[in-house]
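Encoded as structure tokens, the structure appears first; notes follow it.
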Amino acid sequence: MNNNQPIGIFDSGIGGTSIWREIHHLLPNEKTIYLADSKNAPYGQKSKEEIIALSMKNTDLLLEMGCKLIVVACNTATTNAIKELRTKYNVPFIGIEPAIKPAATNSKTQTIGILATQGTLISELFYNTTQKFQNTKIIEQVGHGLVQLIENGEINSLEMTQLLHSYLQPMIEANIDYLVLGCSHYPYLIPQIRKFLPANIQIIDSGEAVARQTKNILKDKIGLSSKETNTPVFYTNTNPTVLKEILENKYEVEQRDF
Ligand code: DGL
């Protein structure tokens, strides 16, 4: 392993770019390669075995491309497959999990809401996390349909607004003061959610924490790259239009089969 090898990042689709943004912001001198496995999105309804197989396929490609560290920019893949990934591969993995701890620790109403995929909410890892916060009421909601709409470029559609309303209104009525976004696609919905979520309810996700952890692991285990800013590389296995749009058309996106 050497400092100048890239950081590999993968997600079931375009959502993990919310994590990539934080990493690129904190570590602008690192080379990054992002894989959007949009062809197989959503992962959220797949079995644990399928999620593990897809995560390994993505990891194999990133390792072929010479990555020194892999960021699993997907809560569903992390909560279902990170243990198996760490067992199989001899490379550091950083995962992303719903930010239950800061929400539960800071909640004044002792009631928090979490919006995530089914795969994340039924995972053992998520169950174990929630068990640590038995004094907090955690209102869980599966974000059925949200990932597909984001993947289709329909963030601002009426259907999105209606779905978000139906998922979040019961949480508002239950007096949550924190809303945890437990899927890396969802930070792109914050402007939509903010339109109707009362201002006293804080929205939190895990992007910044993942970037900080990536920096720490690099510093401790591999060493940070000292090169000038590198151009990030993005791959998708479907039509690249929506990925390009979510990146504000600032970067090239290559379509390839994986
Ligand atoms: N972006 C992913 C996550 O964080 C997966 C969404 C999905 O493919 O269902 O959970």
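All letters in the sequence shown, in the order written, are residues 103 to 360 by my numbering.
Glycine included, every Cβ here is placed at the ideal spot set by N, Cα and C.
- Can you name the start and end residues of the beta strand (DSSP E) that E241 belongs to? Taking the first residue of the sequence shown as position 1, residue 241 is located at position 139. For clarity, residue 241 is Ile in the given sequence; the question names Glu instead. Run containing I241: K239 to V244, per the beta strand (DSSP E) assignment.
- Task: Compare the Cα-Cα distances from F112 to each of N105, W122, R296 and K352 and report the closest residue.
- Result: The count along the sequence shown starts at 1 and reaches residue 112 at position 10. Checked all of N105, W122, R296 and K352; the closest Cα to F112 is W122.
- Item | K210 versus D279 - alpha carbon distance | Within the sequence shown, residue 210 is the residue found at index 108, counting from 1. Within the sequence shown, residue 279 is the residue found at index 177, counting from 1. So the alpha carbons of these two residues sit roughly 7 angstroms apart.
- DSSP puts V335 in a beta bridge; with which residues? In the sequence shown, the residue the question calls residue 335 occupies position 233. Answer is I135.
- Message: Taking 7 angstroms as the cut-off, is the beta-carbon of H246 closer than that to any non-hydrogen atom of ligand 1?
- Response: Translated into positions along the sequence shown, residue 246 becomes position 144. Result no, Cβ not under 7 angstroms from ligand 1.
- Task: Leaving aside the five residues before and after N105 along the sequence, list all residues of the same chain whose C-beta is less than 6 angstroms from its C-beta, in chain order.
- Result: As a first step, residue 105 must be located in the sequence shown, where it is residue number 3. Contacts found: G325 and S327.
- Same chain only: Cβ atoms within 6 angstroms of L137, ignoring 5 sequence neighbours per side: Taking the sequence shown and counting its residues from 1, one reaches residue 137 at position 35. Once the five neighbours on either side are set aside, the close Cβ partners of L137 are F112, N160 and Y337.
- Task: For Y145, name the three-state secondary structure that DSSP assigns.
- Result: Reading the sequence shown from its first residue, position 43 is the one you call residue 145. Residue state, collapsed to three classes: coil.
- Task: Confirm the yes/no value for this check: CB of S308, any heavy atom of ligand 1, distance under 7 angstroms.
- Result: For the purposes of this step, residue 308 is taken as the residue at position 206 of the sequence shown. No, the beta carbon of S308 sits no closer than 7 angstroms to any heavy atom of ligand 1.
- Query: According to the neighbour-count rule (16 or more other Cβ atoms, all chains shown, within 10 Å of its Cβ), is S286 buried or exposed?
  - Reply: To locate residue 286, count along the sequence shown from 1; it is residue 184. Burial call: buried.
- Query: Does the region 247 to 259 come within contact of the region 114 to 132, defined as at least 3 CB pairs closer than 8 angstroms?
  - Reply: yes
- Query: Which one of Q233, N208, V244 and Q357 has the shortest CA to CA distance from I306?
  - Reply: If you number the sequence shown from 1, residue 306 lands on position 204. Out of Q233, N208, V244 and Q357, N208 has the C-alpha closest to the C-alpha of I306.
- Item | T189, DSSP secondary structure in three states | As a working note, residue 189 is residue 87 in the sequence shown. Reduced to three states, the DSSP call for T189 is helix.
- Message: From the DSSP secondary-structure annotation, give me the bridge partner or partners of T213.
- Response: Residue mapping note: residue 213 aligns to position 111 of the sequence shown, counting from 1. Answer is K239, bridged to T213.
- Query: A218 bridges to which residues according to DSSP?
  - Reply: For the purposes of this step, residue 218 is taken as residue 116 along the sequence shown, with counting starting at 1. In the DSSP output, where bridge partners are listed per residue, A218 has V244 and G284.
- Alpha carbon of L129 to alpha carbon of N177, nearest angstrom: Taking the first residue of the sequence shown as 1, we reach residue 129 at position 27. Taking the first residue of the sequence shown as 1, we reach residue 177 at position 75. Those two C-alpha atoms are separated by around 22 angstroms.
- Closest by C-alpha distance to L217, when choosing among P289, G168 and L164: Within the sequence shown, residue 217 is the residue found at index 115, counting from 1. Among P289, G168 and L164, the Cα nearest to that of L217 belongs to P289.
- Message: Determine whether the beta carbon atoms of L299 and L320 lie at a separation below 8 angstroms.
- Response: Here residue 299 corresponds to residue number 197 of the sequence shown, with the count starting at 1. Here residue 320 corresponds to residue number 218 of the sequence shown, with the count starting at 1. Not a contact, by the Cβ cut-off of 8 angstroms.
- Message: Looking only at its chain, what residues have a beta carbon closer than 8 angstroms to the beta carbon of S167, apart from the 5 residues adjacent to it on each side?
- Response: Taking the first residue of the sequence shown as 1, we reach residue 167 at position 65. Rather than Ser, the amino acid found at residue 167 in this sequence is Met. Excluding positions up to five away in sequence, the list reads P108, G110 and I135.
- alpha helix (DSSP H) segments (min. 4 residues) lying fully within the region 289 to 342: 292 to 296 and 309 to 319
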